[in-house]
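Structure first, then comments.
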Amino acid sequence: MVMQRYLLTYVGVVLTLSPHHFIRAIEVPRDSSIQDELFQPPTITKQSVKNYIVDPRDNINIECEAKGNPFPTFTWTRNGKFFNYGKDPRVTRRSKSGTLSIDFRSGGRPEDYEGEYQCFAQNRLGTAISNKIVLQVSKSPLWPKENLDIQEVHEGAPLILACNPPPGLPPPAIFWMSSSMESIHQDKRVSQGQNGDLYFSNVMQEDALTDYSCNARFAFTHTIQQKNPYTLKVLTTRGVTERHPSFMYPTGTSSSQMVLRGEDLLLECIASGVPTPDIIWHKRGGELPVGRISYENFRKALRIANVSEEDSGEYFCLASNKVGSSRHTVSVRVKAAPYWLDEPENLVLAPGEGGRLICRANGNPKPSIQWLVNGEPIESSLPNPSREVKGDTVMFRDAQIGSSAVYQCNASNEHGYLLANAFVSVLDVSPRILAPRNQLMKVIQNNRTLLDCPFFGSPIPTTRWFKNGQGNTLHGGNYKMHENGTLEIIMARREDQGTYTCVATNILGKAEIQVRLEVKDPTRITTGPTDTVPKKGSTIHLSCRIKYDSTLKLTVTWLKDDSILYIGNRMKKDEDGLTIYGVSEKDQGYYTCVASTELDRDTARAHLTVLAVSASPVNRMTTFPKARPERPRDLELTDLAERSVRLTWIPGDDNNSPITDYIVEFEEDKLQPGVWHNHSRYPGSVNSAVLRLAPYVNYQFRVIAVNEVGSSYPSLPSERYQTNGARPEINPTGVQGAGTSKNNMVISWTPLNATQAYGPRLKYIVKWRRRDTRESWSNVTVSGDVNKYTVTQTPTYVPYEIKVQAENEFGRAPEPDVVIGYSGEDLPSSPRYFKIRQPNLETITLEWEHPEHPNGILIGYTLRYQAFNGSKTGRTILESFSPNQTKFLIQRTDPVSRYRCDLRGRTQIGEGEPAKGESPSHLNEAYAKNQGDIATQGWFIGLMCAIALLVLILLIVCFIKRSRGGKYPVRENKDVPLDPDDQKVDNGSFDYRSLESDEDNKPLQGSQTSLDGTIKQQESDDSLVDYGEGGEGQFNEDGSFIGQYTVKKDKEETEGNESSEATSPVNAIYSLA
566 MVMQRYLLTY
576 VGVVLTLSPH
586 HFIRAIEVPR
596 DSSIQDELFQ
606 PPTITKQSVK
616 NYIVDPRDNI
626 NIECEAKGNP
636 FPTFTWTRNG
646 KFFNYGKDPR
656 VTRRSKSGTL
666 SIDFRSGGRP
676 EDYEGEYQCF
686 AQNRLGTAIS
696 NKIVLQVSKS
706 PLWPKENLDI
716 QEVHEGAPLI
726 LACNPPPGLP
736 PPAIFWMSSS
746 MESIHQDKRV
756 SQGQNGDLYF
766 SNVMQEDALT
776 DYSCNARFAF
786 THTIQQKNPY
796 TLKVLTTRGV
806 TERHPSFMYP
816 TGTSSSQMVL
826 RGEDLLLECI
836 ASGVPTPDII
846 WHKRGGELPV
856 GRISYENFRK
866 ALRIANVSEE
876 DSGEYFCLAS
886 NKVGSSRHTV
896 SVRVKAAPYW
906 LDEPENLVLA
916 PGEGGRLICR
926 ANGNPKPSIQ
936 WLVNGEPIES
946 SLPNPSREVK
956 GDTVMFRDAQ
966 IGSSAVYQCN
976 ASNEHGYLLA
986 NAFVSVLDVS
996 PRILAPRNQL
1006 MKVIQNNRTL
1016 LDCPFFGSPI
1026 PTTRWFKNGQ
1036 GNTLHGGNYK
1046 MHENGTLEII
1056 MARREDQGTY
1066 TCVATNILGK
1076 AEIQVRLEVK
1086 DPTRITTGPT
1096 DTVPKKGSTI
1106 HLSCRIKYDS
1116 TLKLTVTWLK
1126 DDSILYIGNR
1136 MKKDEDGLTI
1146 YGVSEKDQGY
1156 YTCVASTELD
1166 RDTARAHLTV
1176 LAVSASPVNR
1186 MTTFPKARPE
1196 RPRDLELTDL
1206 AERSVRLTWI
1216 PGDDNNSPIT
1226 DYIVEFEEDK
1236 LQPGVWHNHS
1246 RYPGSVNSAV
1256 LRLAPYVNYQ
1266 FRVIAVNEVG
1276 SSYPSLPSER
1286 YQTNGARPEI
1296 NPTGVQGAGT
1306 SKNNMVISWT
1316 PLNATQAYGP
1326 RLKYIVKWRR
1336 RDTRESWSNV
1346 TVSGDVNKYT
1356 VTQTPTYVPY
1366 EIKVQAENEF
1376 GRAPEPDVVI
1386 GYSGEDLPSS
1396 PRYFKIRQPN
1406 LETITLEWEH
1416 PEHPNGILIG
1426 YTLRYQAFNG
1436 SKTGRTILES
1446 FSPNQTKFLI
1456 QRTDPVSRYR
1466 CDLRGRTQIG
1476 EGEPAKGESP
1486 SHLNEAYAKN
1496 QGDIATQGWF
1506 IGLMCAIALL
1516 VLILLIVCFI
1526 KRSRGGKYPV
1536 RENKDVPLDP
1546 DDQKVDNGSF
1556 DYRSLESDED
1566 NKPLQGSQTS
1576 LDGTIKQQES
1586 DDSLVDYGEG
1596 GEGQFNEDGS
1606 FIGQYTVKKD
1616 KEETEGNESS
1626 EATSPVNAIY
1636 SLA
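If you're matching positions, the sequence shown starts at 566 in the numbering used here and goes up one per residue.
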């Protein structure tokens, strides 16, 4: 059997819920009779601060207050050991309190009581403990005596006068004065640093007119100590040389600083130089936080209030004058002492119920969590089978009477600790109804009515309402039950009159009360006064006829200009209105009739304008020119409902220009009190409208009339109307996630406004998880005045699913839509496949592909390229491309230079890793280019054709000669006269015998003579002996060679002719012939 689990809390404690049952929270009433009956473990209500510094001249009070039932007893430890203060005559404990008082009026040293104190408040249900209070006595040591030499310094040079105050507790406040107790004038040239030293950016002659003494003021002892004064001697020159700024504090170009979350960050830069430098502050990669920064010490110090992890980063100060500038960078690291995410809260259970204590804290470093029970580590406490510890949560199941205790959660890291007490109390209390038993309620018809039934019990009772003793529970239709026991009648009618009974029940019993309801008619002014313009001395009557419930007492009052009207002897008030006799100028103004009963009221208003007697009748449009209308008056709220109300008003004078529109405005007093917002607009012909309302808004309305001239003044505000709360119906809009650094993601949203919150204690549940993964949702709950949350330690540029859900004490808004956000970006990797080609001598082509790891949204590319030729380089040219471009042409300025290229991708963070390269050498490409150009020229093609034709002719001649069979010409075909011996040859052949006798002794025609007169035989000439076998040639009858010659010659031709003249076409012909 599964037992339903309820959770009960004390005032201000939020309850957890069972996984299977909806458990609503109640509060233990403050009624003293119930408080006295309920047993309660101890709760620490007041204690001294953790670091407690006391004045040695005063008595010491170490505070420790607690409550509980039975009232707790108190014990103390000092330095971790039991402190038996009863044995010390100077120490007493206050009655009904744990506060210790240490009296030194009879002597004693306060320093003897320094140490670490802790208070224990105990009753039979458990033990609560205080923080560890470190008691220290304030100290103001004397300044050491020292003789200070005269400070000699050149005019224009920087100077630092060291203070070095004695270490005090707490540290003293430092200020500089002269020995005659005159203040030292400070400005941007001369100023005191945070360390107390006095800095001169440049010394001037006038600085030697006084001396300089450092003073330390100790707050606790109210004493001031003065250091021996410095005396300056300024060495002057003909002129002061202008100097470049340099930093006096801090020194160097960079430094680092650590600050804790929630504290103020103070950065300081003091620079020297002539003229005196100005200081400007910046943050690298971001803006200084608006609204949290302030400048001190003539802008030499930057203070950032309430720092958070987002304030980490690099800050730099720029000191500049007309000579130049210097920069110092400060690297700021934000750490954090533990702070609460979920502080454990008191838990009140009925027997058999379950619940849990949650203790979640954050910090930097991450704090460790330790649980204690009644002041002792939970590991060493007695076993409890109904309790289970899971890290930061203690689970309870089937709690029983006697298992009450006080649990402590300690969250600590190197920067501090948090200690919280939360008790678990097991109670069984029968139902109690905390309202009078017999009540009479009178309400106005058609108004919303609430019948209250406050109750208490453990387990939490269930409540039901009955009417006139009938057995049916009232719920639905015109009735609505609320969790706190209240019965709401949405619109009270005559038939709703009767006796109502509220019954509260739990397993221990029941309780009931009765409420008698009477419904009355509303009070209405049926005929109200109208605007009147009488003549002076005449008599007028302002009507005010009223309809009201006769069982109620009616009171009618008149107001003039919103003040109570004194009814003199010239005035008469009757049932129908007010009569004024002999009106005069002083009677002019606004008159208001107010009809009221104990339950409601109604008003009507009119304006009285008195005319002088001498005024002659004139046209009204001429007497009263057009003007803006008078403001509406007598606003009334009726027909009050959960989400609507009827607003009625009386129009003001239109001032001769008809009213065209009415503007209804509203104001709420929770989030933006005093700020009026437009609600709706209505035509000028109406003076009543039903207004739609939002839950949990304390409305107040006013009306503005509009005509063609302009708008009236706003009416006086209506009475307020508070609507009941409900769970939010919408979630925050504008949800987005974006990183501000490479390892975080800032989730931001537009918060709900006052009319969207729908209830108190508005919170936002922020959830996130990596997209396309199966990991569970991470979540954090932030207050309703927060509009962003930073997720840290995220991977670079990863998509996340994000949800932000609104929640108030009535419940949560519908499940929000999922929004995709991205963690922070980083620099991209280098572009891939970067290629540099040179298709011709005029251009260079660059091609690439997107980086393998863009690490964010790629916003473009940056190309830097530079021409070079040997050791000579041209200027660097910068090009920027869109993220989709992957090709670019460089127009060359000359055909000789090469190019170096550097290509990088860009994200919002900056430029990434480069892809580098150089254009290819132009020599190889130019040669190929020239060869390609020659091959396409006409003259070259013609030349090649001529050579081909000539070769063809040679081949034809060769073929013809070979086919003649043995005729071999031995004479070159030249115009050379024949020798006598040659004449015997008539057909181009010769006799072998003549060749044997003459040829060896006579040079051939066409042979060449060397420089020494010898004959150089052409390598192409044939030796006849070479063509025969055995040395003698064979001939035919006509003297020609036989076939062996032809074979021999063909063989030689195929082997090639190595003569230098054989390449000539003419020599080739004769060789073949």
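By construction, the Cβ of each residue, glycine as well, lies at the ideal position given by its N, Cα and C atoms.
Please read all numbers here as calculations on a predicted model, not as lab measurements.
CA-to-CA distance, Gln-1370 to Gly-1376, given in whole angstroms
11 Å
Among Thr-1441, Ala-1206, Gly-1482, which one has its Cα closest to the Cα of Asp-1009?
Before going further, note that residue 1009 is Ile rather than Asp in the sequence given. If we check each option's Cα against that of Ile-1009, Ala-1206 comes out closest.
Helix, strand or coil, according to DSSP, for Ser-745 in the structure here?
coil
Residue nearest to Asp-623 in terms of C-alpha spacing, selected from Asp-601, Ser-1341, Glu-879, Gly-672:
Gly-672
Cβ-based burial, Gln-757 [other Cβ within 10 Å; buried from 16]
buried
Identify which residue in Lys-1353, Pro-1019, Ser-859, Thr-1338 has its Cα closest to the Cα of Gln-1079.
Pro-1019
Taking the alpha carbon of Ile-1409 as the reference point, which residue from Pro-1360, Leu-947, Pro-1460 has its own alpha carbon closest?
Pro-1460
Could you name each continuous alpha helix (DSSP H) segment of 4 residues or more that falls completely within the stretch 1081-1126, going from the start of the chain to the end?
none
Can we say the stretch 981-999 touches the stretch 604-614, given the rule of at least three CB pairs closer than 8 Å?
yes
How far does the beta strand (DSSP E) with Val-656 in it reach, from first residue to last?
656-658
Just curious, the alpha helix (DSSP H) that Leu-1641 is in, first and last residue?
There is simply no residue 1641 to check, as the chain begins at 566 and stops at 1638 in what is shown.
Nearest residue (CA-CA) to Gln-759, options Ile-739, Cys-974, Asp-772, Tyr-777:
Ile-739
Per the contact definition of three or more C-beta pairs closer than 8 Å, is the stretch 1232-1246 in contact with the stretch 1187-1202?
no
Per-residue DSSP class, three states only, for Glu-979
coil
Top-ranked residue by Cα proximity to Asn-649, from Tyr-682, Glu-1483, Leu-999, Ser-1447
Tyr-682
Return the bridge partner residues of Trp-641 from the DSSP annotation.
Cys-684
According to DSSP, simplified to helix, strand and coil, what is Gly-1063?
strand
Taking the C-alpha atoms as reference points, what is the distance between Leu-1164 and Lys-1007?
8 Å
Could you check the C-alpha separation between Met-1056 and Tyr-1065 for me, to the nearest Å?
16 Å
Any contact of the stretch 814-824 with the stretch 745-757, i.e. 3+ C-beta pairs under 8 Å?
no
Residues in the same chain with beta-carbon distance under 6 Å from Ser-666, minus the five sequence neighbours each way, listed in chain order, please.
Asn-626, Thr-657
So, under 8 Å CB-CB, Asn-1434 and Ser-1388 are touching, yes? Tell me the CB distance rounded to an integer number of Å.
With a Cβ gap of about 47 Å, Asn-1434 and Ser-1388 do not count as contacting.
Contacts around Ala-884, its chain only, beta-carbon distance under 6 Å, and the 5 residues preceding and following it disregarded
Pro-810, Ala-836, Pro-842, Ile-844, Ser-891
Could you check the C-alpha separation between Gln-1062 and Gly-1022 for me, to the nearest Å?
30 Å
Distance check for Val-1268 and Gly-1217, CA to CA, integer angstroms please.
11 Å
According to DSSP, is Ser-896 helix, strand or coil?
strand
Can you grab the Cα-Cα spacing for the pair Thr-1014 / Arg-1285, in whole Å?
16 Å
If distances are taken between C-alpha atoms only, which option among Glu-1483, Asp-677, Gly-1249, Lys-753 comes closest to Ile-1224?
Gly-1249
Can you check whether the CB of Arg-803 is closer than 8 Å to the CB of Gly-838?
no
Is Ala-1491 helix, strand or coil by DSSP?
Residue placement at Ala-1491 cannot be trusted, given a pLDDT of 49 that sits under 50; what the coordinates show is reported in the next sentence. It is helical.
What do you get for Gln-791, buried or exposed, if any count of 16 or more other CB atoms within 10 angstroms of its CB means buried?
exposed
Cutoff 8 Å; reference Tyr-1398; Cβ partners in own chain excluding five residues on either side
Glu-1412, Trp-1413, Glu-1414
Let me confirm a value: Asp-1591 is counted as buried when at least 16 other C-beta atoms fall within 10 Å, else exposed. Which label applies?
Model confidence at Asp-1591 stands at a pLDDT of 40, short of 50, so the residue's coordinates are unreliable; what they give is reported in the following sentence. Under this definition Asp-1591 is an exposed residue.
Between which residues of its own chain and Ser-1161 is the CB-CB distance below 6 Å, once the five residues before and five after are set aside?
Thr-1120
Within 10 angstroms of the Cβ of Pro-1379, are there 16 or more other Cβ atoms? Answer buried if so, exposed if not.
exposed
Status (buried if at least 16 other CB within 10 Å, exposed otherwise) for Trp-741
buried
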